[in-house]
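Going by my numbering, the final residue of the sequence shown carries number 343, and the count climbs one at a time with no gaps.
We put the beta carbon where it would ideally sit given N, CA and C, even for glycine.
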Amino acid sequence: MLQKPQKTGGESMLGKEAPCDRFHGKRRKIISTVRKQITPATRYLILALTDECNLRCLYCYRGEPEAKQSMSRKTAGKSLRFAAASGKAFHVQMTGGEPALVPEMIEWTSSQIRSAGRPATIAVQTNGTLLDRALIKYLKRYDVQVGISLDG
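What follows is the structure, given as structure tokens:
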């Protein structure tokens, strides 16, 4: 259904530039100026590496039995580049589900952070049941802090 053109101040808005159109045209310039003046630095990045978990803790909102999704390297890499862009120190917390179910992602993520040469701390939050010699070796190599959740 066609609507009648609105009139403002005796003029039809049909075919004329509305005031809001002029604002939207300047929007990019405004955003660019603000970004140049205010450059917020990401200080804390949480990467949920997987939804999968090997336990079924009652209080946990993650680790549903049917959950099988894991973060891709592409998504993790994009997030890390965003956090590192300011050049300022930041912290990366790897969580899940149970991140130790995807040890290759823990190693890859940690190696990407360290090889970038940016000041960063790294931690992994785990239930501890899957910590083995190989994973502990990676955690030591990349100076990853470990938090262990205990139920009970």
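Enclosing beta strand (DSSP E) for T233 [first to last residue]
It is not in any beta strand (DSSP E) - T233 carries neither H nor E in the DSSP assignment.
Pull up the CB-CB distance for I297 and M285, whole angstroms please, since I reckon it's below 8 Å.
6 Å
Relative to the C-alpha of R332, which residue among K265, T300, G319, M262 is closest?
T300
Mind checking N318: buried by the 16 CB within 10 Å criterion, or exposed?
Buried, by the Cβ-count rule.
When the Cα of Q336 is compared with those of K259, V315, V293, S302, which residue comes out closest?
V315
Using only the alpha-carbon positions, how far apart do F273 and S302 sit?
16 Å
For T320, the three-state DSSP class (helix, strand or coil)
coil
Might you give, ordered along the chain, the residues of its own chain that have their beta carbon closer than 8 Å to the beta carbon of K259, omitting 5 neighbours on each side?
Excluding residues within five positions, the ones whose Cβ falls inside 8 Å are D242, E243.
Using alpha carbons as the reference points, say which of I327, A232, V293 lies closest to R264.
With distances taken between Cα atoms, R264 lies closest to V293.
Closer than 8 Å by C-beta to Y329: which residues in its own chain qualify, once you throw out the five before and the five after it? Chain order, please.
Hits under 8 Å: P294, I297, E298, S301, V335.
Reducing DSSP to helix, strand and coil, say where T199 ends up.
Residue confidence is low: T199 scores 49 on pLDDT, short of 50, so the model does not pin down where it sits. No coordinate-derived value is stated.
C-alpha gap between A280 and I327, whole angstroms:
24 Å
Are the CB atoms of A307 and A275 within a distance shorter than 7 Å?
yes
State the DSSP-derived secondary structure class of G308, mapped to helix, strand or coil.
Coil at G308, not helix or strand.
Assuming S270 and L238 make a contact with CB atoms under 8 Å, what is their CB distance in whole Å?
About 6 Å separates the beta carbon of S270 from that of L238, a gap short enough to meet the 8 Å contact definition.
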